[in-house]
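Chemist:
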Amino acid sequence: MPTLKVLHLCRNQKLTRVKALALSGLINLEELHMSDNIALEEIDPMALAMVRNHTGGAIWPPIKKLHISNNKLAYLDSDVIARWDFLKELDIRGEPVDVRMREPVADRRLDAHISAVGRGEGQTGSLCGSH
624 MPTLKVLHLC RNQKLTRVKA LALSGLINLE ELHMSDNIAL EEIDPMALAM VRNHTGGAIW
684 PPIKKLHISN NKLAYLDSDV IARWDFLKEL DIRGEPVDVR MREPVADRRL DAHISAVGRG
744 EGQTGSLCGS H
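Okay, so the sequence shown: first residue is 624 according to this note's numbering, each after it adds one.
#1: In the DSSP assignment, find the beta strand (DSSP E) that holds E577 and state where it starts and stops.
#2: Who are H631's beta bridge partners in DSSP?
#3: Can you check which of these residues, L652, L644, S658 and G648, is closest to P632 by C-alpha distance?
#4: When you compare only the Cα positions, how much space is there between R634 and H656?
#5: Apply the 10 Å Cβ neighbour rule to V641 and answer buried if 16 or more other Cβ atoms are within range, or exposed otherwise.
#6: Using CA atoms only, rank isn't needed, just tell me which of K628, D667 and I682 is closest to A755.
#7: Give a yes or no on whether the C-beta atoms belonging to M669 and I650 are separated by under 8 Å.
#8: Starting from the Cα of G680, find the closest Cα among S647, P625, K628 and E718 and give me that residue.
#9: Which residue from L638, I691, F709 and L710 puts its Cα closest to that of G717?
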């Protein structure tokens, strides 16, 4: 599914972990919605990566919106998203999450995003459809 741009993986009660390369074929993914997965504790830093055999490197999709609210994520590795400068929306409401960045600029942008959501300026409610 290399052309997929939006993926909703919400309300999966048994989802506990997203393993390395689990979403690796989604090279054009722009929006990832993984909210209300009450048992989700981990997203592997390489979950979205696609390993390139001829170079040994990996590529990540250009994620613009990441909604991971109301899970049990205690930690989110900064490598889950390769290009934080592409990110326009981040929703981590209801998470006891610790996000650590390697790049100070990305860190400041993320802090601004979190602050905006915290003040209610960001999008409210889950974007995942109800069952």
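Where a beta carbon is used, it is the ideal one built from N, C-alpha and C, also for glycine.
Modeler: So, to answer that:
#1: Look at the range of the chain in this structure, 624 to 754, and you will see that residue 577 is not part of it.
#2: H656
#3: This sequence places Leu at residue 632; Pro is not what is there. Considering only alpha carbons, the answer is S658.
#4: Roughly 10 Å separates the two Cα atoms.
#5: buried
#6: Given a span of 624 to 754 for the chain in the structure shown, any question on residue 755 remains unanswerable.
#7: No.
#8: Sorting S647, P625, K628 and E718 by C-alpha distance to the C-alpha of G680 places S647 at the top.
#9: I691
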